[in-house]
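Student: Mind having a look at this structure? Questions to follow.
In the working numbering, the protein residues as written are 257 to 477.
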């Protein structure tokens with residue numbers, strides 16, 4: 257079940273999906289101000305859509321857990337404001353981006369499913385993963401869900417999630433996570449840096465070119 261803000265609300269992507277009929281609309285390319293484009297694969301988006309609608313329905317209807325989502329004026333990455341106590345998870349979202357709220361909830365849901373021993377139902381490819389491996393799998397699933405929202409359902413740009421999906425598409429997901437969360441995943445960060453010399457600098461250069469600002473974790477404010 258979910259409590260969002262002061263009252264429950266119908267998740268925007270779920271609403272859009274429910275009205276899409278038996279066939280999804282064809283994905284449209286997405287382009288940002290730098291000229292960088294996203295191109296989604298239709299068959300992949302069908303699979304993501306099926307998972308996403310099922311997970312959002314579970315979030316709304318399953319009485320065995322609760323997700324409480326509250327608005328925040330900060331940039332809301334999927335992990336922003338996330339915590340779990342017992343069968344309850346908290347998440348933050350930026351009300352400027354209604355579609356992004358569903359991604360924040362999807363992240364909290366997957367984290368709860370791991371805590372409750374139910375990850376096989378929702379993320380079978382990472383059902384036995386822990387630590388960084390699990391976090392990476394969850395964030396990649398969130399990236400694919402945002403790709404669905406942006407390319408199929410016309411979600412407006414939203415910086416934190418655009419950064420996530422573009423980094424995933426460009427092969428920079430590890431660098432994105434390690435840079436954005438410098439106090440976490442210390443062992444995995446060292447191992448990755450040793451195996452990928454120069455990757456952090458390449459990621460920073462790519463990010464500056466794509467978004468015209470420093471990546472999260474390297475910003476002064």
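No residue lacks a Cβ here, since even glycine has one placed at the ideal position from N, Cα and C.
1. Have a look at residue 447 and residue 387 and give me their C-alpha separation to the nearest angstrom.
2. Taking residue 430 as the reference, which of 279, 332, 460, 349 has the closest Cα?
3. Check whether the stretch 338 to 345 touches the stretch 292 to 310, counting contact only when three or more Cβ pairs, one atom from each stretch, lie closer than 8 angstroms.
4. In chain order, which alpha helix (DSSP H) runs of at least 4 residues are fully inside the stretch 294 to 360?
5. Any idea if residue 333 is buried or exposed, counting beta-carbon neighbours within 10 angstroms, 16 or more meaning buried?
6. Check whether the Cβ atoms of residue 288 and residue 466 lie closer than 9 angstroms to each other.
7. Please confirm if the stretch 435 to 455 is in contact with the stretch 371 to 382, defined as three or more CB-CB distances below 8 angstroms between the two stretches.
8. Pick helix, strand or coil for residue 287, following the three-state DSSP scheme.
9. May I ask you to verify whether the stretch 416 to 429 touches the stretch 398 to 408, counting CB pairs closer than 8 angstroms and requiring at least 3?
10. Taking DSSP as the reference, what is the three-state secondary structure of residue 386?
11. Residue 472: buried (16+ other C-beta within 10 angstroms of its C-beta) or exposed?
12. How should residue 248 be labelled, buried or exposed, when 16 other C-beta atoms within 10 angstroms of its C-beta is the threshold for buried?
13. Taking its Cβ as the centre, do 16 or more other Cβ atoms sit within 10 Å of residue 319, making it buried, or is it exposed?
14. Using DSSP with H/G/I as helix, E/B as strand and the rest coil, what is residue 428?
15. From which residue to which residue does the alpha helix (DSSP H) around residue 460 run?
16. Within the chosen definition, does the stretch 408 to 421 reach the stretch 348 to 365 through at least 3 CB pairs nearer than 8 angstroms?
17. With distances taken between CB atoms, is the gap from residue 488 to residue 363 smaller than 9 angstroms?
Tutor: Reading it off the structure:
1. For the purposes of this step, residue 447 is taken as residue 191 along the chain shown, with counting starting at 1. For the purposes of this step, residue 387 is taken as residue 131 along the chain shown, with counting starting at 1. In a straight line, the C-alpha of residue 447 is about 14 angstroms away from that of residue 387.
2. Position 174 of the chain shown, counted from the start, is the residue given in the question as residue 430. For the residues 279, 332, 460, 349, the minimum Cα distance to residue 430 belongs to 460.
3. no
4. 298 to 317
5. Here residue 333 refers to the residue found at position 77 of the chain shown. Flag for residue 333 reads buried.
6. Working through the chain shown from its first residue, we reach residue 288 at position 32. Working through the chain shown from its first residue, we reach residue 466 at position 210. Yes, Cβ-Cβ distance for residue 288 and residue 466 is below 9 angstroms.
7. no
8. Numbered from 1 along the chain shown, position 31 holds the residue referred to as residue 287. If DSSP states are grouped into helix, strand and coil, residue 287 belongs with the strands.
9. yes
10. Here residue 386 is taken as the residue at index 130 of the chain shown, counted from 1. If DSSP states are grouped into helix, strand and coil, residue 386 belongs with coil.
11. Within the chain shown, the letter at position 216 stands for residue 472. By the 10 Å Cβ count, residue 472 comes out buried.
12. Nothing can be reported for residue 248, as the shown portion of the chain is limited to 257 through 477.
13. Looking up residue 319 in the chain shown gives position 63. Under this definition residue 319 is an exposed residue.
14. Working through the chain shown from its first residue, we reach residue 428 at position 172. Of the three classes helix, strand and coil, the one that applies to residue 428 here is coil, per DSSP.
15. Counting from 1 along the chain shown, the entry for residue 460 is found at position 204. 455 to 467 is the extent of the alpha helix (DSSP H) around residue 460.
16. yes
17. The displayed coordinates of the chain run from 257 to 477. Any statement about residue 488 would go beyond what the structure contains.
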